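Colleague: Its first residue numbered 35, the sequence shown is counted upward by one per residue in our numbering.
All C-beta atoms in this analysis are idealised placements derived from N, C-alpha and C, irrespective of residue type, glycine included.
Note that the coordinates shown come from a computational prediction; the quantities given were computed from them, not determined experimentally.
Structure in structure tokens, see below.
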Amino acid sequence: MDFENIYIEEENNFATITINRPSKLNALNRRTIEELQVAIAELDEDANIKVIILTGSGEKAFVAGADISEFAHFSVKEGRQLAALGQKNLFNAIENLSTPVIAAINGFALGGGLELAMACHFRVASSNARMGLPEVSLGVIPGYGGTQRLPQLIGKGRAMEMIMTAGMIDADKAFAYGLVNHVTSLEELLPLCVKIAGRISNNSSVAIKHAIKAVNAGFKYDVDGYAVEVDAFGHCFGTDDFKEGTTAFLEKRKADFPGS
Ligand code: COA
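Below, the structure written as structure tokens:
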């Protein structure tokens, strides 16, 4: 697929995907969602890529939401389908990806933009970032998982207030809420994400894949997260990465994980 609305840069063991529709504040139209879906699946297949960083182009927006012009005329059926397909194909796919995905929030992350950031495994923001779920100001609700992931991340009361007021919070408040893990200057945003990506990529990608699965299991109402952890823990004992990690420790050397 030729990408029109995103571009990918690869460096060492990680890839940065930049959403690139700056004239529309990187709003997620159908094409952009499809491109992200394809890019993320391809990068997840690439054994050399240990971490994916997701960001927006320009200095103003990460993503200012789903593209309002595309759904303004939708019927009930089309609205439902928009949310269902988006959740399944992109937002849940990112959350359940084996490769860690970091959202580098470089400006407005609103509506579908904040939902995209929340689907990532964790978030880092620049100090100019503004976050919110303004959907009720448009007569609709968050449909890409926002009503579920925001309370998971910041607690029910705070999420209810953010959703009901349709207001925005700044980066410092997002940090205080636990919505983002770090706040830094815009210039330092990607370097900080790269530094964190470097620390992640020193570890076993197989173990990380299982850790993501086990953590996510705890947020699914019909799955016993502890049981998933037990299975995943046991599975690790049969991997080459486990043999290498434990051997390297006992031999007092740095592990060189084969990734299997
Ligand atoms: N969907 C479609 N287009 C969008 C968009 C969105 N979610 N967010 C911004 N844009 C477009 C604007 O329509 C404008 O396009 P134009 O120049 O062709 O008119 C362009 O991006 C720049 O946005 P603008 O509103 O002029 O910038 P601003 O600095 O005055 O305001 C925001 C910035 C983020 C406050 C404002 O764009 C906004 O409220 N966006 C919608 C946020 C939202 O409700 N998202 C949830 C959608 S479910």
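Comparing C-alpha positions only, which one of G141, S238 and T133 sits nearest to L77?
Modeller: Locating residue 77 in the sequence shown gives position 43, where the first residue counts as 1. Comparing Cα positions, the closest option is T133.
Colleague: Hey, is E169 close to ligand 1, as in C-beta under 7 Å from one of its heavy atoms?
Modeller: The count along the sequence shown starts at 1 and reaches residue 169 at position 135. Yes; taking the cut-off as 7 Å, the Cβ of E169 has a heavy atom of ligand 1 nearer than that.
Colleague: List, from N- to C-terminal side, the alpha helix (DSSP H) runs of 4 residues or more that fit wholly inside the region 162-204.
Modeller: Counting only runs of 4 or more, we get 180-188 and 190-199.
Colleague: Give the DSSP-derived three-state secondary structure of E38 in the structure shown.
Modeller: If you number the sequence shown from 1, residue 38 lands on position 4. E38 falls in the coil class under three-state DSSP.
Colleague: Only counting the same chain, and skipping five residues up and downstream in sequence, which positions put a Cβ closer than 8 Å to that of G212?
Modeller: As a first step, residue 212 must be located in the sequence shown, where it is residue number 178. Once the five neighbours on either side are set aside, the close Cβ partners of G212 are L187 and I188.
Colleague: Ligand 1 and S239: does any heavy atom of the ligand fall closer than 7 Å to the residue's C-beta?
Modeller: The residue given as residue 239 occupies position 205 in the sequence shown. Every heavy atom of ligand 1 is 7 Å or more from the Cβ of S239, so no.
Colleague: Which word fits H107, buried or exposed, when buried means at least 16 other C-beta atoms lie within 10 angstroms of its C-beta?
Modeller: Position 73 of the sequence shown, counting from 1, holds the residue named residue 107. Exposed, because fewer than 16 other Cβ atoms sit within 10 Å of the Cβ of H107.
Colleague: Count the other CB atoms, across all protein chains shown, that sit within 10 Å of the CB of K286; report buried if there are 16 or more and exposed otherwise.
Modeller: To locate residue 286, count along the sequence shown from 1; it is residue 252. Flag for K286 reads exposed.
Colleague: Could you spell out the range, first to last residue, of the beta strand (DSSP E) harbouring I128?
Modeller: Within the sequence shown, residue 128 is the residue found at index 94, counting from 1. No beta strand (DSSP E) contains I128, which is instead part of the alpha helix (DSSP H) from N126 to E129.
Colleague: Mind checking whether G99 and I53 have CB atoms under 8 Å apart?
Modeller: Taking the sequence shown and counting its residues from 1, one reaches residue 99 at position 65. Taking the sequence shown and counting its residues from 1, one reaches residue 53 at position 19. Cβ distance not < 8 Å, so G99 and I53 don't count as in contact.
Colleague: Is there contact between the region 194-213 and the region 229-245, where contact requires at least three CB pairs shorter than 8 Å?
Modeller: Contact fails: fewer than three Cβ-Cβ distances are below 8 Å.
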